[in-house]
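S.K.:
Protein chains: 2
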Amino acid sequence: METTDFPSVETPAVLVDLDIAARNIARYQAYCDEHGIRLRPHIKTHKLPRMAGLQLSAGAVGITCQKLSEADAMTAGTPIDDVLLTYDIVGPAKHAHLRALAERIKLSVVADSGAVVEGLSAAMRDGRQPLTVLVECDTGAHRCGVATPEAAAELALRIDGAPGLRFGGLMTYPPVGGTGAVQAFMTRAKSLIESLGLAVETITSGGSPDMWRAHEAPVVTEYRPGTYVYNDRSLVERGICGFDDCALSVLATVVSVPDPHRAIIDAGSKVLTSDLLGLHGHGHVLGRPDIAVDQLSEEHGRLVSERPVGFAVGDKVRIVPNHACVVSNMLDEVVLVRGEAVIGKEPVAARGKVW
Amino acid sequence: METTDFPSVETPAVLVDLDIAARNIARYQAYCDEHGIRLRPHIKTHKLPRMAGLQLSAGAVGITCQKLSEADAMTAGTPIDDVLLTYDIVGPAKHAHLRALAERIKLSVVADSGAVVEGLSAAMRDGRQPLTVLVECDTGAHRCGVATPEAAAELALRIDGAPGLRFGGLMTYPPVGGTGAVQAFMTRAKSLIESLGLAVETITSGGSPDMWRAHEAPVVTEYRPGTYVYNDRSLVERGICGFDDCALSVLATVVSVPDPHRAIIDAGSKVLTSDLLGLHGHGHVLGRPDIAVDQLSEEHGRLVSERPVGFAVGDKVRIVPNHACVVSNMLDEVVLVRGEAVIGKEPVAARGKVW
């Protein structure tokens with residue numbers, strides 16, 4: 001992928017290459033098809049109904065959202081009607097919101113405590129149809145989730161007995177490298193729950209870093225990667241893909257070259273974000289592996305190299321960010337391209353939807 | 001400042017306490033007045049015309065913006081009409097934008113190279129009145145800026161000779177602790193430029209971390225702090241203010257307490273951001289100094305403590321983020337409060353304005 005100028009594009013801009021995204025979608029769909037895994041992409045990465053449409057057309061069974069407002073943005077006026085909300089929904093306003101959404105689309109949600117189940121049940125008890133609730137399990141990431149298969153079984157039973165709810169299965173967001181732990185936890189939890197007379201319809205796991213190992217946890221029926229659609233520097237550094245597979249990049253203009261070994265660009269932390277994901281530096285300058293993006297301030301990025309950077313004021317660079325999902329969320333629109341051709345601008349429908 | 005519930009506020013939310021902001025504004029204005037320093041606040045922190053209005057009413061001489069689109073958002077339909085744009089403006093589209101803005105308001109801008117000066121001159125040469133351009137100087141931050149007082153004098157002369165431009169003075173964004181370096185650089189540059197027969201109207205410096213030391217560089221005529229209006233954890237940790245002086249906080253709801261020593265809240269890196277500014281952890285939970293916000297994912301924040309966290313699902317917490325300026329930029333609106341009273345919502349007019 002060469003750096004091109006995109007003279008019609010005002011910088012800084014987030015570019016999304018539709019050809020690369022389509023290839024990423026097709027490739028992972030083929031993997032899931034081969035292994036009999038249902039693919040339910042997480043839309044947090046792109047936040048675009050258009051991109052979710054491509055994922056569904058390729059064979060995805062539905063989408064995953066993290067927040068109610070994301071689900072609204074993805075389903076309002078679109079054909080998307082099957083959403084798994086992998087989040088504990090808490091509080092009266094969100095319960096009312098959830099219920100309205102559940103009456104409009106096929107919605108399922110997760111819970112990891114009796115308190116969350118009680119809240120969901122109170123919201124849904126006189127609903128037209130029961131809300132499907134999965135038990136969130138902690139398979140080692142130590143974020144949300146019940147800690148043991150026994151606790152998962154107990155909560156499954158509680159969901160099954162709660163008015164307005166039906167038990168839908170098990171969900172986890174595992175740590176990187178946690179495929180074996182997922183298999184062990186879920187196998188045991190499934191067996192315990194089935195011994196209680198409940199069916200475990202879905203076992204859903206996720207995470208792009210381990211997406212090519214999803215089949216190593218055959219108990220999992222559904223996978224929810226997000227980043228795979230765009231890829232990013234963190235996945236390249238993990239060996240999951242190459243820079244040629246990165247659909248999202250930031251186009252920036254060199255505004256200052258104060259020193260032969262330093263150039264300043266017009267993209268800072270308000271575009272590239274400060275997410276490091278364990279990496280050094282704030283992105284990869286395409287075509288210039290010698291350069292480090294060693295410092296960001298809010299609207300400036302600093303490029304340094306032991307070689308002369310060789311840029312002039314006005315030159316453009318393309319940067320693959322460390323973390324695509326957060327960069328998507330910084331601007332109101334992305335610029336769709338195919339190779340060097342600009343296709344148009346697309347509003348990021350679910351940008352900033354954190355409720 | 002006690003944690004209160006704000007039951008009417010949907011979480012996560014960015015709260016801005018108008019009383020605390022007004023006190024911060026008044027306090028620093030008094031310092032500037034005492035020392036004969038003109039105050040030109042940077043609006044990157046709040047991105048709200050309303051807040052800029054309070055700063056101007058208190059005595060600020062104008063505002064500072066980093067991007068043209070920020071300046072547009074701050075001046076469109078508002079009485080604000082004096083903007084210093086502390087950014088190298090590059091490229092034909094931005095030059096046209098700049099010119100339109102310069103015809104509407106009192107605009108000044110900076111340059112740190114002949115290339116930038118040439119571009120500005122080409123854009124302004126047949127303008128109704130000359131554009132004021134300051135020379136950006138590198139006093140140790142090694143971002144933008146000419147490297148020496150001699151280079152500053154040379155560029156001042158070039159601006160003075162460029163059609164459509166007038167030389168307006170010197171600007172720097174110093175490193176933290178750089179007050180002495182600013183004084184030395186600017187004194188020498190001023191003397192060199194005056195010896196060329198040019199007046200140095202304005203010498204402008206900035207940075208909230210050193211704002212109480214601004215008078216230690218008496219050559220500086222104008223100061224451009226941003227963060228001081230809200231303050232944040234980074235300034236508290238530097239001893240610049242206390243948590244009671246932090247006007248901006250994030251209100252979040254506990255959605256999971258999977259372990260007595262761990263709670264998960266509904267604010268992650270898409271609200272609090274990953275900016276560390278050299279700190280450990282991602283914010284300060286008001287009233288709970290024992291708690292660390294040790295991990296953020298996009299929509300989850302993890303609170304851990306050696307003591308039992310003692311939260312239940314549904315409890316609310318208030319977090320002072322590491323860096324207020326980037327948090328302001330994450331959501332479309334902030335919630336204005338005075339103590340425990342909610343005043344209303346305010347759209348963040350310049351959010352995402354990075355062009």
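If you're matching them up, the sequences are chains A and B in order. The first sequence finishes on residue 355 if you use UniProt numbering, and the numbering steps up by one all the way, no holes. The second sequence finishes on residue 355 if you use UniProt numbering, and the numbering steps up by one all the way, no holes. Yeah, the Cβ is synthetic: ideal placement off N, Cα and C, and Gly gets one too. In this text, all values refer to a predicted model and were calculated from it rather than measured experimentally.
1) When you compare each of Leu107/B, Glu10/B, Pro163/B and Val348/B to Thr93/A by their alpha carbons, which one comes out closest?
2) Grouping DSSP H, G and I as helix and E and B as strand, with all else coil, what is Lys190/B?
3) Less than 8 Å between the CB atoms is what I'm expecting for Val271/A and Thr45/A, so what's the real figure, rounded?
4) What does His284/B pair with, by DSSP beta-bridge criteria?
5) Glu298/B: which of Leu279/B, Ser274/B and Ala52/B sits nearest, CA to CA?
6) What is the DSSP secondary structure of Arg128/A, counted as helix, strand or coil?
7) Counting C-beta neighbours from all protein chains within 10 Å, is the total for Val176/B 16 or more, i.e. buried, or is it exposed?
8) Which of the three DSSP states, helix, strand or coil, is assigned to Leu84/A?
9) Compare the C-beta of Asp332/A with all C-beta atoms of chain B and state if any pair is closer than 7 Å.
10) Return no unless some Cβ of chain B is closer than 7 Å to the Cβ of Ile203/A.
11) Give the residues of chain B in contact with Ser256/A, contact being defined as C-beta atoms less than 7 Å apart.
12) Just to make sure I have the definition right: I need the residues of chain A whose C-beta is within less than 7 Å of the C-beta of Ser297/B. Which are they?
13) State buried or exposed for Pro321/A, treating a residue as buried only when at least 16 other CB atoms are found within 10 Å of its CB.
14) Assign Pro225/A to one of three DSSP states: helix, strand, or coil.
15) Apply the 10 Å Cβ neighbour rule to Glu2/A and answer buried if 16 or more other Cβ atoms are within range, or exposed otherwise.
16) Sorted by chain position, which residues of the same chain lie with C-beta nearer than 6 Å to Lys345/A's C-beta, five sequence neighbours on each side aside?
17) Could you check what DSSP says for Glu103/A in three-state terms: helix, strand or coil?
18) With which residues is Arg166/B paired in a DSSP beta bridge?
19) So what does Lys345/A bridge to, in DSSP terms?
20) Tell me which residue opens and which closes the beta strand (DSSP E) that Val254/B is part of.
21) Should Gly77/B and Pro130/B be called a contact, given that it needs their Cβ atoms to be closer than 7 Å?
22) So which residues on chain D does Val326/A lean against when the C-beta distance must stay under 7 Å?
23) Whose Cβ in chain A lies nearer than 7 Å to the Cβ of Gly352/B?
24) Taking DSSP as the reference, what is the three-state secondary structure of Gly77/A?
25) Helix, strand or coil, according to DSSP, for Gln295/A in the structure here?
26) Quickly, what does DSSP pair Cys137/B with across the bridge? List them, please.
27) Do Gly127/A and Cys137/A count as a contact pair if the criterion is CB distance below 7 Å?
28) Can you tell which of Leu251/A, Val135/A and Asn231/A has its C-alpha closest to the C-alpha of Glu201/A?
29) When you check each C-beta in the stretch 62 to 82 of chain A against every C-beta of chain B, which residues fall closer than 7 Å?
30) Starting from Val229/A, find everything on chain B with Cβ-Cβ shorter than 7 Å and list it in chain order.
31) Is the stretch 242 to 252 of chain A close to the stretch 306 to 320 of chain A, with three or more CB pairs under 8 Å?
32) Does any C-beta atom of chain B lie closer than 7 Å to the C-beta of Ile264/A?
33) Is the stretch 36 to 43 of chain B in contact with the stretch 13 to 24 of chain B, if contact means three or more CB pairs nearer than 8 Å?
34) Name, going along the chain, the residues of the stretch 10 to 24 of chain A whose beta-carbon falls closer than 9 Å to a beta-carbon of chain B.
35) Assuming the contact rule is C-beta atoms closer than 8 Å, Ser256/A and Asp88/B should be a hit. Round their C-beta distance to whole Å, please.
36) Can you find the residues in the same chain that come closer than 8 Å, C-beta to C-beta, to Ala147/A, ignoring five residues on each side of it along the sequence?
M.R.: In terms of the structure at hand:
1) The amino acid at residue 93/A is misidentified as Thr; the sequence shows Ala. Of Leu107/B, Glu10/B, Pro163/B and Val348/B, the residue nearest in Cα terms is Glu10/B.
2) helix
3) That belief does not hold up - the Cβ atoms of Val271/A and Thr45/A are roughly 16 Å apart, past 8 Å.
4) Val320/B
5) Ser274/B
6) coil
7) exposed
8) strand
9) yes
10) no
11) Asp88, Asp112, Ser113 and Cys144
12) Arg143
13) buried
14) coil
15) The predicted model places Glu2/A with a pLDDT of 43, which falls under 50 and marks its position as unreliable; any figure quoted below should be read in that light. Exposed is the call here.
16) Glu333 and Val335
17) helix
18) Thr132/B
19) Val335/A
20) Leu248 to Asp259
21) no
22) No chain D appears in this structure, whose protein chains are A and B.
23) Met330, Leu331 and Asp332
24) coil
25) strand
26) Val146/B and Thr172/B
27) no
28) Val135/A
29) Gln66 and Lys67
30) Within 7 Å Cβ-Cβ: nothing; Val229/A doesn't reach chain B, min ~15 Å.
31) yes
32) yes
33) no
34) Glu10, Thr11, Pro12 and Ala13
35) 5 Å
36) Asp138
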